[in-house]
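Worksheet: one structure, shown below.
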Amino acid sequence: MADGYQNIIKVQFSGAHTDAELYTGLAVQTIAILVGGIILWRISNYMHKRKQKQRRKNEFFETPYAKGWKRK
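At position 26 of the sequence shown the residue is numbered 26 (the numbering used here), and the sequence of numbers has no breaks.
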(Lines of atoms letter the chains of each structure in order from A and count residues from 1; the text may use other names and numbers.)
(Lines give C-alpha, C1' and ligand atoms only; values in the text may rest on other atoms or scores of the structure.)
Protein backbone atom coordinates (compact mmCIF):
# COMPACT_ATOMS: atom_id res chain seq x y z
CA MET A 1 0.00 0.00 0.00
CA ALA A 2 2.85 2.35 0.83
CA ASP A 3 4.44 1.52 -2.52
CA GLY A 4 1.29 2.72 -4.28
CA TYR A 5 1.45 6.06 -2.49
CA GLN A 6 5.14 6.39 -3.24
CA ASN A 7 4.52 5.78 -6.93
CA ILE A 8 1.82 8.44 -6.97
CA ILE A 9 4.13 10.89 -5.21
CA LYS A 10 7.00 10.12 -7.62
CA VAL A 11 4.79 10.66 -10.65
CA GLN A 12 3.37 13.87 -9.18
CA PHE A 13 6.73 15.46 -8.38
CA SER A 14 8.75 14.07 -11.28
CA GLY A 15 6.94 16.30 -13.77
CA ALA A 16 5.66 13.35 -15.73
CA HIS A 17 2.54 14.03 -17.72
CA THR A 18 -0.52 12.53 -16.09
CA ASP A 19 -3.98 11.80 -17.43
CA ALA A 20 -5.54 14.13 -14.88
CA GLU A 21 -4.53 17.17 -16.94
CA LEU A 22 -6.06 15.67 -20.06
CA TYR A 23 -9.32 14.84 -18.32
CA THR A 24 -9.47 18.28 -16.70
CA GLY A 25 -9.02 19.96 -20.08
CA LEU A 26 -11.66 17.74 -21.61
CA ALA A 27 -14.09 18.52 -18.78
CA VAL A 28 -13.52 22.27 -19.19
CA GLN A 29 -14.11 22.04 -22.95
CA THR A 30 -17.28 20.01 -22.40
CA ILE A 31 -18.69 22.53 -19.95
CA ALA A 32 -17.78 25.43 -22.27
CA ILE A 33 -19.55 23.78 -25.21
CA LEU A 34 -22.60 23.05 -23.07
CA VAL A 35 -22.84 26.62 -21.76
CA GLY A 36 -22.26 28.04 -25.25
CA GLY A 37 -24.98 25.82 -26.68
CA ILE A 38 -27.46 26.88 -24.02
CA ILE A 39 -26.68 30.55 -24.66
CA LEU A 40 -27.14 30.12 -28.43
CA TRP A 41 -30.39 28.22 -27.84
CA ARG A 42 -31.75 31.01 -25.62
CA ILE A 43 -30.81 33.67 -28.18
CA SER A 44 -32.46 31.67 -30.96
CA ASN A 45 -35.60 31.23 -28.85
CA TYR A 46 -35.75 34.97 -28.11
CA MET A 47 -35.35 35.88 -31.80
CA HIS A 48 -38.04 33.39 -32.83
CA LYS A 49 -40.54 34.77 -30.31
CA ARG A 50 -39.80 38.32 -31.42
CA LYS A 51 -40.32 37.33 -35.06
CA GLN A 52 -43.66 35.68 -34.22
CA LYS A 53 -44.88 38.88 -32.52
CA GLN A 54 -44.06 40.92 -35.63
CA ARG A 55 -46.11 38.73 -37.96
CA ARG A 56 -49.58 39.93 -38.72
CA LYS A 57 -52.37 37.47 -38.18
CA ASN A 58 -54.04 36.13 -41.32
CA GLU A 59 -57.81 36.46 -41.11
CA PHE A 60 -58.40 33.89 -43.87
CA PHE A 61 -58.39 30.96 -41.47
CA GLU A 62 -60.57 32.62 -38.83
CA THR A 63 -63.91 31.05 -39.72
CA PRO A 64 -66.71 30.03 -37.36
CA TYR A 65 -65.90 26.37 -38.11
CA ALA A 66 -62.20 26.86 -37.29
CA LYS A 67 -63.07 28.62 -34.05
CA GLY A 68 -65.22 25.65 -33.02
CA TRP A 69 -62.59 22.93 -33.36
CA LYS A 70 -59.58 24.84 -32.03
CA ARG A 71 -58.68 24.31 -28.41
CA LYS A 72 -58.87 27.35 -26.26
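For glycine and all other residues, C-beta sits at the position ideal for the given N, C-alpha and C.
In angstroms with no decimal places, state the Cα-to-Cα distance between residue i and residue j.
i   : j   : result
D19 : R50 : 47 Å
K10 : A27 : 25 Å
I38 : L22 : 24 Å
T24 : A32 : 12 Å
I56 : Y65 : Residue identity differs from the one stated: residue 56 is Arg in this sequence, not Ile. Looking at the two C-alpha atoms, the distance is approximately 21 Å.
T30 : Q54 : 36 Å
L40 : H48 : 12 Å
Can you determine whether any heavy atom of the ligand ZN sits closer than 7 Å to the C-beta of residue i, and answer yes or no?
i   : result
I43 : No copy of the ligand ZN appears in this structure; indeed no ligand is present at all.
Could I get the ranges of all uninterrupted alpha helix (DSSP H) runs contained in the region 9 to 68, with 4 residues as the minimum, in chain order?
19 to 54
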